[in-house]
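Here is the structure we will look at.
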Amino acid sequence: MGLQPGSTPIELERQLSNGSIDRPSNAEPQWTIEDSEELYRIRGWGEPYFSINAVGRVTVSPKGDRGGSLDLYELVEALRQRNLGLPLMIRFSDILADRIERLNACFAKAIARYNYPGTYRGVFPVKCNQQRHLIEELVSFGKPYQFGLEAGSKPELLIALASLSTPGALMICNGYKDREYIETAMLATRLGQQPIIVLEQPEEVELAIAVSRQLGIKPILGVRAKLSSKGIGRWGHSSGEGAKFGLSIPEIVGAIEQLKAAEMLDCLQLLHFHIGSQISSISTIKDAIREASQIYVELANLGANMNYLDVGGGLAVDYDGSKTNFPASKNYNMQNYANDIVAEVKEACEERNRAVPTLISESGRAIASHQSVLIFNVLGTSEASSTVPEPSAEKEHLVIRNLYETYRSISLENYQEAYHDAIQFKEEAISLFGFGYLSITERAKAEQLYWACCQKIHALAQKQEDKPKDLEELDEILASIYYINLSIFQSAPDNWAIEQLFPILPIHRLNEEPTKRATLADLTCDSDGRIDRFIDRLNVKSALELHPFSPEQPYYLGMFLVGAYQEIMGNLHNLFGDTNTVHIKLTPNGYEIEHVVKGDTMTEVLGYVQYDSEDLIESIRRQSERALKEGKISIFESQMLLKNYERSLRSYTYLT
Ligand SMILES: *Cc1c(COP(=O)(O)O)cnc(C)c1O
């Protein structure tokens with residue numbers, strides 16, 4: 319029925335609301351990019367690097383507020399034309415540069431603001447992302463700030479030693495150490511490096527003294543303290559008395575005695591602590607700094623030649639953009655962080671008449687997260703059936719009649735009760751099937767009716783202000799599944815292992831309403847290989863709003879802020895290998911591809927588990943020959959099989 323001519327606005331509204339006319343499509347406010355911004359919270363976690371442009375695509379501004387931006391969808395299309403298949407990791411070198419500049423600028427500002435009579439010299443913890451191109455860029459971008467590196471293991475020490483070429487930059491040597499580690503670190507001073515060996519275990523004190531005597535090198539030493547101020551959240555146990563690393567206060571006092579006896583107390587110049595990663599609350603950081611500042615002053619009072627205070631990592635990333643102390647967020651910004659460190663340390667030193675230290679931070683996550691974006695495509699979807707089966711002409715089983723009746727009767731008055739009825743009847747149907755009283759077609763009908771009830775109830779419940787709590791599970795039950803060309807175990811292992819949240823959203827169609835709600839299922843045949851927790855304004859949501867998928871149109875999703883820890887912790891579950899990676903740098907008239915790092919081929923991942931591709935091909939060849947002889951395969955089929963097998967070995971482990 320159409321609009322009746324001459325209707326007054328009130329009549330019109332009545333006709334619309336009683337359903338006697340169709341609401342014209344322009345009466346619904348159009349979906350705008352602002353709606354998408356709000357829904358995916360991109361301003362909260364994305365600024366100043368990620369936003370949405372007028373045509374509804376994600377835009378990347380790798381230099382932050384200093385101009386120049388790229389349409390991410392166009393970039394992905396251009397990279398695909400260069401034969402770079404999805405999933406694809408895109409690194410924006412300019413973002414890395416911007417993060418380093420920002421961190422240094424924040425400390426410079428804090429130092430100026432509080433008249434701090436000392437300096438800041440940061441280091442990047444190599445464990446956060448060891449990829450060579452990234453470390454090389456980092457060292458180069460960090461040159462103006464004498465930005466150094468932190469090693470947490472012997473192999474990372476080898477990286478730091480070979481890569482750091484900045485005069486005056488520090489090389490902080492953390493982690494478990496054997497004689498070889500300490501020797502290598504001390505010998506690095508002969509190359510003009512500035513290694514600081516941080517004693518983390520009581521045994522390392524004797525070892526450092528012995529190696530120093532043997533080599534005739536006076537090292538700079540540090541101690542890592544186990545603070546009693548505990549971090550909170552996921553990595554809270556990195557500090558406190560039970561922590562894995564660091565010396566307790568009695569052990570520190572013991573180490574001082576040992577160094578004094580060896581006439582090496584002047585070597586002890588640094589105090590280090592690390593209370594854990596992703597510290598969401600500024601008060602936790604303040605408590606730790608306050609305690610560490612006191613220890614620092616006391617060490618100086620005991621005669622150590624204190625020069626450096628290393629506050630470790632922990633500077634958090636706001637993954638959900640909520641600016642709260644929720645684990646996926648943080649209730650402070652980088653400037654607050656720098657201000658609090660500078661102010662607390664200055665106050666503690668002034669009160670006790672001690673010179674202030676050079677401040678060091680080992681911020682990994684805060685530097686490396688933003689520069690990597692992971693792009694992947696949707697392969698297909700599966701949605702809960704929404705068809706109501708036709709009633710049959712014959713008399714149906716009672717349980718099916720009950721479900722029909724439940725479906726018909728659902729109303730605003732009874733929907734909660736109807737939901738419990740539907741569940742009960744469905745369970746009855748399954749149990750009847752188990753005893754042989756219901757055929758498989760009858761069971762199918764019962765299940766379809768159950769789903770139809772759920773959808774009708776959900777639609778009603780959605781519109782209610784105070785939706786009953788027990789209906790919230792419908793959000794989850796009725797969500798579609800979107801199958802994604804990705805392995806969570808390889809590309810977002812923390813999402814699986816520690817339920818970390820990363821922002822995920824389509825990188826195009828953002829001017830179109832996302833009418834579906836979905837969880838994401840990855841390529842692995844592991845039921846854990848799915849994403850069903852997403853960032854939300856409060857807490858988390860169990861399904862992500864997405865657009866209807868059609869197989870003819872590529873649908874690209876981006877996972878953001880994945881530059882820290884994910885790559886090296888990723889594993890080869892189901893033998894999905896490293897993804898393709900590109901490094902993109904902004905130029906005055908566009909961008910250039912600095913590096914392409916091809917993802918693993920099947921030959922490579924099979925090699926990790928000791929399969930030689932020649933042997934594998936040989937096995938297939940032999941089987942084919944035998945089958946040919948026995949007349950079970952044609953020569954055409956056997957050639958096709960071999961060709962496919964050989965081509966697969968050379969190609970990407972993901973779907974093309
Ligand atoms: C992991 C680690 C870091 C890095 O922590 P972020 O929270 O990523 O900044 C710094 N220092 C030490 C000793 C670490 O173990």
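Under our numbering, think of the first position of the sequence shown as 319, with each following residue one higher. Where a beta carbon is used, it is the ideal one built from N, C-alpha and C, also for glycine.
For Thr971, the secondary structure class from DSSP, reduced to helix, strand or coil, is coil. In the DSSP annotation of this structure, Ala487 is not part of any alpha helix (DSSP H), being labelled neither H nor E.
In this structure, Leu633 has its beta carbon less than 8 Å from a heavy atom of ligand 1. Here DSSP, grouped into helix, strand and coil, assigns Met582 to coil. Relative to ligand 1, His688 has its C-beta separated by 8 Å or more from all heavy atoms. Counting along the chain, the unbroken beta strand (DSSP E) around Glu910 starts and ends at Gly908 to Val915.
Comparing alpha-carbon positions, the option among Leu856, Glu870, Asp628 and Val900 lying closest to Val663 turns out to be Asp628. Counting only the Cα atoms, Asp739 lies some 11 Å from Ser727. Annotation for Gln596 indicates a beta carbon within 8 Å of some heavy atom of ligand 1. Distances taken from the Cβ of Asn492 to the heavy atoms of ligand 1 include one shorter than 8 Å. In its chain, beyond the 5 residues on either side, Ala684, Ile685, Ala686, His688 and Gln689 have a beta carbon closer than 8 Å to the beta carbon of Arg417. By the Cβ-count criterion, Tyr800 is buried, with 16 or more other Cβ atoms from all chains shown falling within 10 Å of its own Cβ. The beta-carbon separation of Val900 and Arg409, rounded to 7 Å, stays under the 8 Å limit for a contact. Note on Arg968: under 16 other CB atoms within 10 angstroms of its CB, so exposed under the neighbour-count rule. Under the criterion of beta carbons closer than 8 Å, Leu796 and Cys772 qualify as touching, at roughly 6 Å. For Asp389, DSSP records a beta bridge to Thr377.
For secondary structure counted as the beta strand (DSSP E) over 3 or more consecutive residues, the stretch 424–457 holds these complete runs in sequence order: 441–443.
When only Cα atoms are considered, Glu830 and Gln780 end up about 21 Å apart. In its chain, beyond the 5 residues on either side, no residue has a beta carbon closer than 6 Å to the beta carbon of Glu714. Taken through DSSP and simplified to helix, strand or coil, Pro513 comes out as strand.
Here the alpha carbons of Ile477 and His451 stand approximately 12 Å from one another. DSSP places Pro811 inside the alpha helix (DSSP H), whose first and last residues are Pro811 to Ala815. Ile758 sits in a helix when the DSSP states are folded into three classes. In this structure, the C-beta of Ala882 approaches ligand 1 to less than 8 Å from one of its heavy atoms. Here Phe954 is exposed: its Cβ has fewer than 16 other Cβ atoms, across all protein chains shown, within 10 Å.
In the structure shown, Asp412 falls within a helical segment according to DSSP collapsed to helix, strand and coil. Cα atoms of Gln612 and Tyr909: separation of roughly 49 Å, rounded to the nearest angstrom. Bridge partners of Asp496 according to DSSP: none are assigned. The closest heavy atom of ligand 1 lies 8 Å or more from the beta carbon of Arg439. Note that the stretch 845–861 touches the stretch 628–646; at least 3 beta-carbon pairs, one per stretch, sit closer than 8 Å. In this structure, DSSP gives His715 a state outside helix and strand, which the three-state scheme calls coil.
DSSP places Glu863 within a strand segment (E or B) once states are collapsed to three. Collapsing the DSSP output to three states places Gln689 in coil.
Every unbroken stretch of the beta strand (DSSP E) spanning 3 or more residues and falling wholly within the stretch 788–844 is given here in chain order: 798–802, 822–824 and 834–839.
Taking the C-beta atoms as reference points, Arg670 is found nearer than 9 Å to Asn619. In the DSSP assignment, Lys903 falls within the unbroken beta strand (DSSP E) covering Asn898 to Thr905.
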